[in-house]
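A short write-up of the structure that comes next.
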Amino acid sequence: MITGRNIDVAFGPKTILRGVDVDVPFGKLVALCGPNGAGKSTLLSALVGDVPTARGEIHYGNTELRHMDAADLSRHRAVLEQSPTLSAAFSVAEVVRLSIPIEYPPTDTQVLVAKVIALLGLELFADTPVPNLSGGQRHRAHLARVLAQLTANRNLFGPGYLFLDEPTASLDILHQIEVMKTARTMARSGAGVLVVLHDLNLAAAFADSICLMRNGRVASSGKVGEVFTAQTLSEVYATPISVQKTGESPLMILPDYHNAA
Numbered sequence: 001m002i003t004g005r006n007i008d009v010a011f012g013p014k015t016i017l018r019g020v021d022v023d024v025p026f027g028k029l030v031a032l033c034g035p036n037g038a039g040k041s042t043l044l045s046a047l048v049g050d051v052p053t054a055r056g057e058i059h060y061g062n063t064e065l066r067h068m069d070a071a072d073l074s075r076h077r078a079v080l081e082q083s084p085t086l087s088a089a090f091s092v093a094e095v096v097r098l099s100i101p102i103e104y105p106p107t108d109t110q111v112l113v114a115k116v117i118a119l120l121g122l123e124l125f126a127d128t129p130v131p132n133l134s135g136g137q138r139h140r141a142h143l144a145r146v147l148a149q150l151t152a153n154r155n156l157f158g159p160g161y162l163f164l165d166e167p168t169a170s171l172d173i174l175h176q177i178e179v180m181k182t183a184r185t186m187a188r189s190g191a192g193v194l195v196v197l198h199d200l201n202l203a204a205a206f207a208d209s210i211c212l213m214r215n216g217r218v219a220s221s222g223k224v225g226e227v228f229t230a231q232t233l234s235e236v237y238a239t240p241i242s243v244q245k246t247g248e249s250p251l252m253i254l255p256d257y258h259n260a261a
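Below, the structure is given as structure tokens:
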């Protein structure tokens, strides 16, 4: 399990995160939610080792993050950024293949590349340069990349962690659901999964727990039904929000569009 305790992050004189506690257990999907500027992406960046903490500790199991080098981190976690970029016009299959460790058997590598490309519905684009894809297709290609990395490392080194920063932002409804199903499947297969989400209904439908942030702090954390209450959400988002139970979906979250501030 990843544990973060009393995390502060500052950029120059500006403190972005203040006293944040967060856990990412194996086998669970944690949704990181909150308004724009709440510190969600900064917290994710701190947890994956991309930005330093000014205070606090982050542990991957018994190992403190600051004692892990880039090779250690690449074996234990896979990260999909908000806006991933490529420095060359690699094809979808090449991008996925490059994410797989060299120790992985070549035959298994071919099978894994084909599997994750099919999982993300990109079979027809396997040989297409990623820059030539639509925005949503590019995002799915990069998701295939991190899924391949995580799966290969799991087979070599054991379960790891998947970090997804707004993975549904450029996708239509069908592909949003498919991406979240895939993230949940990775959690059920043993990975610890942290997903930054703006869509509260997706978070309610797929997450095992919620970390709700506001102004660089954790406003509430716990099970979906404990965190996603009308009072808490209305306070955090500074606009009236109602929460309803509907059928098999645990909650339906509805802003009051007519009476919003």
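Position 40 of the sequence shown, counted from 1, bears residue number 40 in UniProt numbering, the numbering being contiguous throughout.
By construction, the Cβ of each residue, glycine as well, lies at the ideal position given by its N, Cα and C atoms.
- In the three-state DSSP reduction, serine 41 falls in the helix class (H, G or I).
- Where arginine 66 is concerned, there is no enclosing alpha helix (DSSP H), because DSSP gives it neither an H nor an E.
- Counting along the chain, the unbroken beta strand (DSSP E) around valine 79 starts and ends at 77 to 80.
- Spatial neighbours of methionine 252 in its own chain (CB-CB distance under 6 Å, excluding positions within 5 residues in sequence) are listed in chain order as Gln244 and Thr246.
- From the listed residues Asp256, Tyr257 and Phe206, the smallest Cα separation to cysteine 33 is found for Phe206.
- Less than 8 Å separates the beta-carbon of glycine 216 from that of threonine 15.
- When secondary structure is reduced to three states using DSSP, glutamate 57 falls in the strand class.
- In the DSSP assignment, glycine 192 is bridged to Tyr161.
- Below 8 Å, enough C-beta pairs join the segment 196 to 214 and the segment 34 to 44 to call them touching: three or more.
- In the DSSP assignment, alanine 207 falls outside any beta strand (DSSP E), carrying neither H nor E.
- Distance from the CA atom of leucine 164 to the CA atom of proline 106, rounded to whole angstroms, is 27 Å.
- Here the C-alpha atom of phenylalanine 11 lies approximately 43 Å from the C-alpha atom of aspartate 108.
- In terms of Cα proximity to serine 83, the closest of Ile177, Leu143 and His67 is Leu143.
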